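In UniProt numbering, the protein residues as written are 1 to 292.
Idealized CB from N, CA, C, for every residue including glycine.
All values reported here derive from a predicted model rather than from experimental measurement.
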């Protein structure tokens with residue numbers, strides 16, 4: 001009879017610990033993924049900004065020397081990420097493939113122009129800076145015109161600001177919710193042992209002596225939960241890095257290491273604080289109040 005009861009109690013204890021660990025790991029995992037989103041919001045926004053091309057159309061009478069000088073000056077400019085020279089012949093061939101017929105046979109000549117596609121660094125992709133760059137290029141006498149999608153740049157910058165703001169708000173709210181969830185799990189685990197706490201107190205054990213094993217046990221559960229969360233984050237990071245290699249998610253090792261350490265420490269700190277206050281609450285209750 002005693003053995004059966006002890007086994008039952010042991011199963012209940014393991015089940016309680018298991019639920020606490022799962023709760024901690026899930027909450028920390030979601031918090032870590034939100035942290036990854038915050039860290040990579042700018043990187044994703046920069047990726048899209050750098051896909052916008054500023055196209056410099058050259059006059060037909062532009063000399064080869066002038067074109068080469070412009071290509072070199074653009075390649076060395078602070079705002080340039082990469083450049084692509086597109087000859088009028090290559091442009092005609094691409095356009096013919098796009099429309100499915102050779103338009104030059106119908107027209108009798110090639111109306112397209114030589115051009116240079118300039119892909120700028122993300123920090124320079126704003127309406128004001130791109131306008132200035134376009135005006136500087138247009139002032140050259142062998143440049144016919146400079147074309148870029150001005151409404152798209154304005155829309156992209158506005159949306160990046162809005163998304164960044166709401167991501168920060170969501171991060172703060174979710175962090176608060178995460179702390180509450182972990183705290184609730186710990187409180188429930190301590191609540192199941194409230195009579196043991198009061199019994200130890202009644203036989204003369206000090207509050208510090210009573211708290212110590214509970215805090216240590218919760219910290220161990222927090223460590224296990226944090227470890228599981230970090231394993232899950234590492235798996236997701238590996239998948240995302242392979243699926244979206246152009247974003248170079250694993251590029252900033254220091255930031256990622258800081259995030260992983262932060263999640264790990266959060267698992268320890270939250271469980272420690274939650275257990276401390278939960279045990280203190282039951283230590284301060286009268287014996288009759290334990291039943292409510």
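On the three-state DSSP scale, how would you describe residue i?
i	result
residue 206	coil
residue 53	strand
residue 238	helix
residue 79	coil
residue 58	strand
residue 19	helix
residue 306	With the chain represented from 1 up to 292, any question about residue 306 goes unanswered, as that position is not in the structure.
residue 116	strand
residue 125	coil
residue 276	helix
residue 144	strand
Contact defined as beta carbons within less than 8 Å: I believe residue i pairs with residue j. What is the distance between those atoms, to the nearest angstrom?
i	j	result
residue 161	residue 121	Actually they do not touch by this definition, with Cβ atoms about 18 Å apart.
residue 89	residue 142	The pair is not a contact, with the Cβ atoms about 19 Å apart (cut-off 8 Å).
residue 58	residue 114	5 Å
residue 52	residue 125	6 Å
residue 268	residue 228	Not really, about 14 Å apart at Cβ, beyond 8 Å.
Considering Cα atoms alone, identify which of the options is closest to residue i.
i	options	result
residue 210	225, 136 and 282	282
residue 145	152, 206 and 137	137
residue 275	184, 54 and 170	184
residue 230	131, 264, 91 and 142	264
residue 156	48, 114, 259 and 227	48
residue 165	187, 43 and 38	38
residue 235	22, 33, 203 and 153	33
residue 74	86, 92, 119 and 61	119
residue 64	79, 257 and 87	87
residue 200	279, 112 and 242	279
residue 178	60, 41 and 266	266
residue 272	252, 212, 228 and 260	212
residue 221	270, 259, 139 and 249	270
residue 216	46, 203 and 186	186
residue 20	192, 250, 252 and 244	192
residue 207	94, 284 and 93	284
From residue i to residue j, what distance separates their C-alpha atoms?
i	j	result
residue 36	residue 116	36 Å
residue 197	residue 255	42 Å
residue 188	residue 44	41 Å
residue 132	residue 152	17 Å
residue 25	residue 261	14 Å
residue 248	residue 258	17 Å
residue 158	residue 214	50 Å
residue 79	residue 123	8 Å
residue 205	residue 18	28 Å
residue 42	residue 219	34 Å
residue 225	residue 50	39 Å
residue 163	residue 244	20 Å
residue 127	residue 250	30 Å
residue 296	residue 129	Any answer about residue 296 is impossible in this case: the structure gives the chain only from 1 up to 292.
residue 239	residue 46	21 Å
residue 62	residue 154	32 Å
residue 203	residue 173	43 Å
residue 242	residue 252	16 Å
residue 56	residue 68	13 Å
residue 277	residue 150	56 Å
residue 98	residue 237	37 Å
Spatial neighbours of residue i within its chain, please: C-beta separation below 8 Å, excluding the five flanking residues on both sides.
i	result
residue 134	54, 146 and 148
residue 83	71, 74, 75, 116, 117, 118 and 119
residue 170	34
residue 93	none
Leaving aside the five residues before and after residue i along the sequence, list all residues of the same chain whose C-beta is less than 6 Å from its C-beta, in chain order.
i	result
residue 27	178, 181 and 182
residue 91	112
residue 60	none
residue 77	none
Which residues in the same chain as residue i place their Cβ atom closer than 7 Å to its Cβ, once the five residues preceding and following it in sequence are excluded?
i	result
residue 232	29
residue 175	31
residue 167	37, 38 and 41
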